[in-house]
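If you read the sequence shown in this note's numbering, its first letter stands for residue 1, the second for the next number, and so on.
Just so you know, even glycine gets a beta-carbon here, dropped at the ideal spot from N, CA and C.
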Amino acid sequence: MTPKIDRQHVAQALRGAYDRVKNTTGGKNADYIPYLANVPSTLFGIAACLTDGTVVAVGDTEYRFGIESVSKVPTALLAMQQYGAQEVLDRIGADATGLPFNSIIAILLENDHPSTPLVNAGAISACSLIKPVGDRDGKWQSILRFVEALCGAQVGVIDELYRSESETNFNNRSIAWLLKNYNRIYDDPDLSLDLYTRQCSIGITAKELATLAATIAAGGRNPVTGEEVFRAELTPKITAMMATVGFYEHTGDWLFTTGLPAKTGVGGGIMGVVPGVMGVAAFAPPLDSAGNSVKAQRALADIAAQLGLNLFDAPRAAVREAQAAKA
Ligand code: GLN
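(1) Using the beta-carbon count (16 or more within 10 Å), is alanine 176 buried or exposed?
(2) Determine the extent of the alpha helix (DSSP H) in which glycine 27 is found, giving its start and end residues.
(3) To the nearest angstrom, report how far apart glycine 152 and alanine 327 are at their CA atoms.
(4) Go through its chain and collect everything with a Cβ distance to alanine 351's Cβ below 8 Å, but skip five positions before and after it.
(5) Would you list the one or two residues that DSSP bridges to phenylalanine 65?
(6) Can you give the Cα-Cα distance for methionine 1 and leucine 309, rounded to whole angstroms?
(7) Taking glycine 276 and alanine 217 to be in contact with their CB atoms under 8 Å, please state how far apart those CB atoms are, rounded to whole angstroms.
(8) Whose CA, out of Asn111, Ser142, Ala121 and Gly156, lies closest to the CA of isoleucine 130?
(9) Label alanine 322 either buried or exposed according to how many other C-beta atoms from any shown protein chain fall within 10 Å of its C-beta, with 16 as the threshold for buried.
(10) By the 10 Å Cβ neighbour count, where 16 or more other Cβ atoms means buried, how is leucine 150 classified, buried or exposed?
(11) Out of Ala325, Ala284, Arg184 and Gly268, which one is the CA nearest neighbour of serine 69?
(12) Under the criterion of a Cβ to heavy atom distance below 8 Å, does asparagine 169 qualify as lining ligand 1?
(13) Going along the chain, which residues put their C-beta within less than 6 Å of some heavy atom in ligand 1?
(14) For methionine 80 versus lysine 237, is the C-beta spacing smaller than 9 Å?
(15) Excluding the 5 residues flanking glycine 246 on each side, which residues of the same chain have their C-beta closer than 6 Å to its C-beta?
(16) Mind checking asparagine 102: buried by the 16 CB within 10 Å criterion, or exposed?
(17) Taking 9 Å as the cut-off, decide whether the C-beta atoms of proline 74 and phenylalanine 170 are in contact.
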């Protein structure tokens with residue numbers, strides 16, 4: 001029997017996962033961005049937000065960590081909201097690369113063929129597409145306001161992280177200019193890269209990230225603030241992208257194990273979306289070899305198993321229900 005998804009069951013599942021995972025060792029903080037190497041490695045928190053707005057949290061869920069690559073999700077959504085999903089598919093794509101997030105080879109191999117906004121190349125390309133709002137720093141305002149509407153909170157850049165990342169992002173600079181070479185960037189490469197670096201440096205809590213995920217799960221309506229943030233038709237598009245490449249070269253293993261569309265960041269955060277049901281986020285800095293948080297992925301896998309969140313398992317539940325109704 002699939003457990004009921006209400007506050008009590010979700011709270012139990014989070015607590016159970018937290019207790020089982022908290023002593024997990026292994027992995028190490030990202031160190032190619034100096035700021036991230038110095039975040040306390042023992043921090044660990046899990047939060048969930050149901051599509052009725054109920055928020056449940058355990059552990060370090062108020063700590064503001066670098067959102068990093070999880071920010072690729074809101075920007076991909078914003079590009080689809082502004083241009084339509086088909087145009088983003090045509091201009092960037094939705095294919096897995098099967099390669100690390102910052103792969104240059106992936107660009108060379110697919111130079112005539114788009115990839116996905118959920119790896120660095122596609123994300124920098126998505127930043128280049130964003131239409132500005134307001135009259136100052138318009139593209140950035142557009143991205144920041146969208147993230148804030150999704151998570152229902154004011155968030156900002158962690159200045160030290162932004163500086164640390166800007167001073168060391170040589171690989172991403174190469175990506176931006178390589179994209180220019182292949183006509184796959186739609187604005188100035190340096191400006192687009194700076195937008196990308198800024199969005200990665202946004203500080204966010206696990207609770208806010210869970211709410212952001214829940215807004216996606218709820219078809220674009222923030223379940224806490226009630227604001228309509230994006231068109232409902234984009235939820236299956238962004239969750240398909242997350243399912244395809246959310247864990248980079250480990251995505252297949254993750255999906256096989258959990259059936260949960262999720263996106264990771266090298267700040268240690270992971271956000272999972274269960275369409276129609278809930279958003280869930282976990283945070284712990286030590287990462288595996290692909291740059292995915294060791295504890296956060298264990299915690300989300302544990303919760304997905306406890307609550308029966310595997311999307312690909314939905315038919316079994318439906319058949320069971322149909323048979324019960326007939327009996
Ligand atoms: N800002 C980081 C980078 O570009 C994000 C990577 C990640 O979280 N996977 O390298």
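Answer, in terms of the structure:
(1) buried
(2) Neither: glycine 27 is in no alpha helix (DSSP H) and is coded neither H nor E.
(3) 45 Å
(4) Residue 351 is absent from the model: the chain starts at 1 and stops at 327.
(5) The partner list for phenylalanine 65 (beta bridge, DSSP) reads Ile204.
(6) The predicted model places methionine 1 with a pLDDT of 45, which falls under 50 and marks its position as unreliable, so this point remains unresolved.
(7) 6 Å
(8) Ser142
(9) An exposed status is given to alanine 322, since fewer than 16 other beta-carbon atoms sit within 10 Å of its beta-carbon.
(10) By the Cβ-count criterion, leucine 150 is buried, with 16 or more other Cβ atoms from all chains shown falling within 10 Å of its own Cβ.
(11) Gly268
(12) yes
(13) Glu68, Ser69, Phe101, Asn102, Asn120, Glu165, Asn172, Cys200, Gly265, Val266 and Gly291
(14) Their beta carbons are under 9 Å apart, which means methionine 80 touches lysine 237 by this criterion.
(15) Ala262 and Lys263
(16) When all chains shown are included, asparagine 102 counts as buried.
(17) no
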